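Heads up: the sequence lines are chains Z and W, in that order.
Under the working numbering, the first residue of the first sequence carries the number 25, and numbering increases by one thereafter.
Under the working numbering, the first residue of the second sequence carries the number 1449, and numbering increases by one thereafter.
The beta-carbon is built from N, C-alpha and C at its ideal position, and this holds for glycine as well.
Predicted, not measured: the structure shown is a model, and the values here were computed from it.
Working notes, structure below.
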Amino acid sequence: MSKLSYTVKRFIQFVVTIWALITTIFIGFRVMPGDPTAYIVSPYLDADARQQIIANYGLNEPLYVQYLKFIESVLNGNLGYSFHSNQPVADIIVTYLPASLVLMLVATLIAYSIGIIFGVYAGWNRGSAGEKGVVLTALTGRSFPAFWTGIVGLWMFGSYLGWLPMTGMSNIGGGKEPLIQLMFTVEFWRHMILPVLVLSFYYMGYPLLIMRSSMLDVVGEEYINLCRAKGLSERAIMFRHAARNAMLPTITASAIAIGFAVGGNVLVETVFGWPGIGRELVNSVLRRDYPVAQGIFLVFSAVVVFMNLVADLVYGWFDPRVTY
Amino acid sequence: MTDPSESTTDNIDRRNFVAAAGAGIAGALAGCTGSDNSNNSNMDLPASDQSELGEVVPSFTYTNVAQGQDPAEHDSHVLIAEQMRNLGLDVEMQTFEWGTLFTKVSQQYDFDFSGWLRTLGMYSGTRMPEMFHSRNLDPGAGNFTGHDNPDLDPILEEQLSTSDSERRTELLHQIQEEIADYASINPMFYIPNSVVYDSSQVSGWVDAHREYEFALNMTSIEVTNDENELRGAWSESIDTLNILGWSNQLKIEFHLDQIYDRLVRFGPDLSPDMELSLATDWSIIPEEDTIEYTIREGHTWHDGEPLTAEDVAFSLNYTKEKEVPLYNPQTIILSSAEAIDETTVEVQFNEGEMPGPIHRQFSWRMPIVPKHVWEDVDEPGQRSVDEPIGSGPMEVEYWDRGTELALQRNEDHYMPPSFDRRITRIIPEASTQIELLRSGDLNYLSRAQPQQLDSLLENDQIERASSQGSAFWHYSMNTRNEGVSEKPIRQALVTAAPNSTIVNQVWNGYRNLPEANNIVTPSFGDNYNADVWSPETGIEPAVSLLQENDFGWDSDGNLHYPKE
Chain Z
25 MSKLSYTVKR FIQFVVTIWA LITTIFIGFR VMPGDPTAYI VSPYLDADAR
75 QQIIANYGLN EPLYVQYLKF IESVLNGNLG YSFHSNQPVA DIIVTYLPAS
125 LVLMLVATLI AYSIGIIFGV YAGWNRGSAG EKGVVLTALT GRSFPAFWTG
175 IVGLWMFGSY LGWLPMTGMS NIGGGKEPLI QLMFTVEFWR HMILPVLVLS
225 FYYMGYPLLI MRSSMLDVVG EEYINLCRAK GLSERAIMFR HAARNAMLPT
275 ITASAIAIGF AVGGNVLVET VFGWPGIGRE LVNSVLRRDY PVAQGIFLVF
325 SAVVVFMNLV ADLVYGWFDP RVTY
Chain W
1449 MTDPSESTTD NIDRRNFVAA AGAGIAGALA GCTGSDNSNN SNMDLPASDQ
1499 SELGEVVPSF TYTNVAQGQD PAEHDSHVLI AEQMRNLGLD VEMQTFEWGT
1549 LFTKVSQQYD FDFSGWLRTL GMYSGTRMPE MFHSRNLDPG AGNFTGHDNP
1599 DLDPILEEQL STSDSERRTE LLHQIQEEIA DYASINPMFY IPNSVVYDSS
1649 QVSGWVDAHR EYEFALNMTS IEVTNDENEL RGAWSESIDT LNILGWSNQL
1699 KIEFHLDQIY DRLVRFGPDL SPDMELSLAT DWSIIPEEDT IEYTIREGHT
1749 WHDGEPLTAE DVAFSLNYTK EKEVPLYNPQ TIILSSAEAI DETTVEVQFN
1799 EGEMPGPIHR QFSWRMPIVP KHVWEDVDEP GQRSVDEPIG SGPMEVEYWD
1849 RGTELALQRN EDHYMPPSFD RRITRIIPEA STQIELLRSG DLNYLSRAQP
1899 QQLDSLLEND QIERASSQGS AFWHYSMNTR NEGVSEKPIR QALVTAAPNS
1949 TIVNQVWNGY RNLPEANNIV TPSFGDNYNA DVWSPETGIE PAVSLLQEND
1999 FGWDSDGNLH YPKE
């Protein structure tokens, strides 16, 4: 199969997967227990107004009609209006997604950079004290829930020492600035330190352990001995030859991790008051705000599936042995 | 304060409290539903000879909220169910998340017992027809307890329509007596409004019938920090500031209330507050179903445009024409509004439908919006409103969704607040809110949880203001169902309900919650009737009440109907 045929085939699979996702998301929310109007409308509102709102949102229509309308809206690029706030879902995603992306991408970048480097080191130096220390640190980071580490960090550096701000990405009463402008302020990065450290510490373990494991497979290969026979330095062999060949599983993991970054991290966003999409997603699910939850899930899932596709396509670039 | 471990008036001691609450927790942990049918009675029920007993009273289902969702509510219901078992009833506890519970109780009437916090708003009689009128017995119509008394229906209707306040009070008292006697709804205690604040920065809170974050307090308090800023927090994002598109959430109303004026606002005693109201005078003509409001002269919108009677008439007609659901109870009785001159608006109601307590049912509620902003908007509910133009004592300075809302003083308002800015920060983590209040970065919190209050109030500068509000916590009985349809059983359950145990052991963080005997709270003033049926509580009086009505118990302690 040529690379082009493979790409076309994978793209068709991508479209079918997205349709399956849309359908699953739609059905998933409808089978959840609970009347959405219990959350949309205050229990203090009278029964007549409640019935009118149910009709306004089309919740009294047959399920297949609601499904067809949902498909039609998605195809038109219109994700509908929030039950909770009556705001367009697209606006809500555009409002909250960038803050999550900045936080998650910075944390993922740091976590994967450090994780890959130390994973290579640990695999290359199997059995050394350094390897044991690195693996222990990775397992520790992975074992502590990020929200717990976050609360401890907040208490220590925010409340007790007072070195770092405790909530949000700007000072209380500091005014409103576009995120892109805010990112060029010291204030923003001070607010970023704790959540980024907490997330990086948590995420770092995964690529580190994968990389270490892959390195262990590679270091015994004959071409490594050949490199040594050629007189290459240990560092050059480790990073240019061994690490590059051991990278494939980490590429898959990192592509999916970037996809997951779109979903934010609800617990860390909640603990640090970070105005991200993860928090909104959970709130929308708890409120049975179908349009918002469906919209966020859809974007989130589509990006994960898309990043998986990208990872498949770039395999060949990293490893010429991969054929299609 | 009562030592929780010594509370025995309800025949539930501390050991049984822990056991009962533990059973509920175990049930919640086990899954969505849990049950415990043990009959763990504290007193020996008087057994009768089988030949003197009728049929055994059937089993019941108690519909409870999941413990993780609201531990205090959940545990309270567990205690009530335990007390029912102590009275010889077979009660199965089922736990659900809030949406399912609400649907089962309010929409499907699929429950025997259930309950949550309720409030009657500004006028105690507004929701009563919905909850107790026999025309609302169908599923979803509102009468979830199945209260069915045709004699009550005309009284429920008249109290809404009469403009004679003395007659209204008399009718409301009759309704409360009937509701208490019918015993389909058991108000257990009243929940006060409260606010905790940094007294070195904020002072001057006044008692409030509806929460502390409305204009009454916002125009009364003094702020003494360098920035002259009031700084509070909310745990969820403020998602909309569209006064014609919101859905009655308090977090939104707290801010819209300052951004927009109301035709009539109220003081602590629920009488019109003429300093805060947009209307300076009014004339009611009941026989013509008409009211004429005189609007404040020289007042302007936040964008500087004059606010006229034309704007007020437009607001009322527009809200009706666009069928904004939130204001449906008001617009279905409204016929039309017309500006008579620059400052006078005549409002015509449908024949015979002008509300008696017109200000508390209509004037206070209706949104007043600028005609020049809204007249070309076809779908007001779905409009994105980033910078709402109102005429209230505060205007939006900036709104960073998900992070912060800042309102600033409207210098041109007739009753502006004394401080410059009000910041509402979105902080989901409760412990962070508390720390920021302690550190002085925030200076008030209106939503501190009971369990947080004790540690907060240990700080010298943190104080709490509290006043009687309109909220009460209750459990209700579905009188449609066999067993609960029997008034003596309902009255016995009200009598046996462990009010003091629940107040002292589950909700003690609130400190001395007033026990309730009436769904109308004392903060409604004259409308509150203190003399409704209010039995001595406990198992023994409940047993006596059942015996007086010829109910009895078998040797296993199961309650039986009277022999026919």
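Item                                                                                                                    : Value
Residue interval of the beta strand (DSSP E) (run including residue 1639 of chain W)                                    : 1633-1646
Three-state secondary structure (DSSP) of residue 1661 of chain W                                                       : coil
Neighbour flag for residue 42 of chain Z against chain W, beta carbons, 8 Å                                             : no
CA-to-CA distance, residue 1540 of chain W to residue 2002 of chain W, given in whole angstroms                         : 20 Å
DSSP three-state assignment for residue 83 of chain Z, whether helix, strand or coil                                    : coil
C-beta neighbour in chain W for residue 220 of chain Z, strict 8 Å                                                      : no
Beta-carbon neighbours of residue 1875 of chain W, restricted to chain Z and to distances below 8 Å                     : 191, 192 and 297
Assigned exposure category for residue 1824 of chain W - 16 Cβ within 10 Å defines buried                               : exposed
Helix, strand or coil at residue 163 of chain Z [DSSP, three-state]                                                     : helix
Assumed close pair residue 1918 of chain W, residue 1971 of chain W - CB separation to whole angstroms, cut-off 8 Å     : 6 Å
Minimum length 3: unbroken beta strand (DSSP E) runs contained in the region 1477-1552 of chain W                       : 1501-1504, 1508-1513 and 1539-1544
Cβ neighbours of residue 1486 of chain W in the same chain (closer than 6 Å, five flanking residues each side left out) : Note that residue 1486 of chain W scores 36 on pLDDT, short of 50, meaning its location in the model is unreliable; the coordinates nonetheless yield the value given after this. Answer for residue 1486 of chain W: no residue qualifies.
Residue(s) in a DSSP beta bridge with residue 2001 of chain W                                                           : W/1495 and W/2007
Residue 119 of chain Z: contacting residues in chain B (beta-carbon distance under 7 Å)                                 : The structure shown contains no chain B; its protein chains are Z and W.
Chain W within 8 Å of residue 178 of chain Z, Cβ atoms only                                                             : yes
Chain Z residues whose Cβ lies nearer than 8 Å to that of residue 1884 of chain W                                       : 190, 191 and 196
Straight-line gap, residue 1585 of chain W to residue 1599 of chain W (C-alpha atoms, nearest Å)                        : 15 Å
Distance CB(residue 110 of chain Z)-CB(residue 1872 of chain W) smaller than 8 Å                                        : no
Close beta carbons around residue 293 of chain Z, own chain, < 6 Å, minus the five adjacent residues each side          : 300, 302 and 303
Rounded distance between the beta-carbons of residue 134 of chain Z and residue 210 of chain Z, thought under 8 Å       : Contact flag wrong, Cβ pair sits at about 19 Å.
Coarse secondary structure for residue 1914 of chain W, derived from DSSP in three states                               : strand
Pairwise C-alpha distance: residue 320 of chain Z and residue 90 of chain Z                                             : 18 Å
Alpha-carbon spacing of residue 1496 of chain W relative to residue 2005 of chain W, whole angstroms                    : 10 Å
Minimum C-alpha distance to residue 95 of chain Z - residue among Z/112, Z/45 and Z/72                                  : Z/45
Residue 1730 of chain W - containing beta strand (DSSP E), residue span                                                 : 1727-1733
Interface residues of chain Z facing residue 1994 of chain W [CB-CB closer than 7 Å]                                    : Under the 7 Å cutoff, chain Z gives no residues; its nearest Cβ is about 33 Å from residue 1994 of chain W.
Residues near residue 232 of chain Z by beta carbon distance below 6 Å, same chain, minus five either side              : 139, 142, 143 and 162
For residue 1565 of chain W, the residue or residues it bridges with in DSSP                                            : W/1921
Test: residue 226 of chain Z CB closer than 8 Å to a CB of chain W                                                      : no
Three-state secondary structure (DSSP) of residue 243 of chain Z                                                        : coil
Residue 1844 of chain W burial status per 10 Å Cβ neighbour count (16 or more: buried)                                  : buried
Same chain, Cβ closer than 7 Å to residue 1545 of chain W, five either side skipped, listed in chain order              : 1514 and 1517
Within the region 1674-1713 of chain W, ranges of the beta strand (DSSP E) (whole runs, at least 3 residues)            : 1677-1682
Rounded Cβ spacing between residue 1607 of chain W and residue 1977 of chain W (contact assumed at less than 8 Å)       : Not a contact, Cβ separation roughly 12 Å.
Closer than 7 Å: residue 50 of chain Z CB and nearest the ligand MG heavy atom                                          : Among the components modelled here there is no ligand, and therefore nothing to report on the ligand MG.
Beta-carbon neighbours of residue 108 of chain Z, restricted to chain W and to distances below 9 Å                      : 1687, 1688, 1695 and 1697
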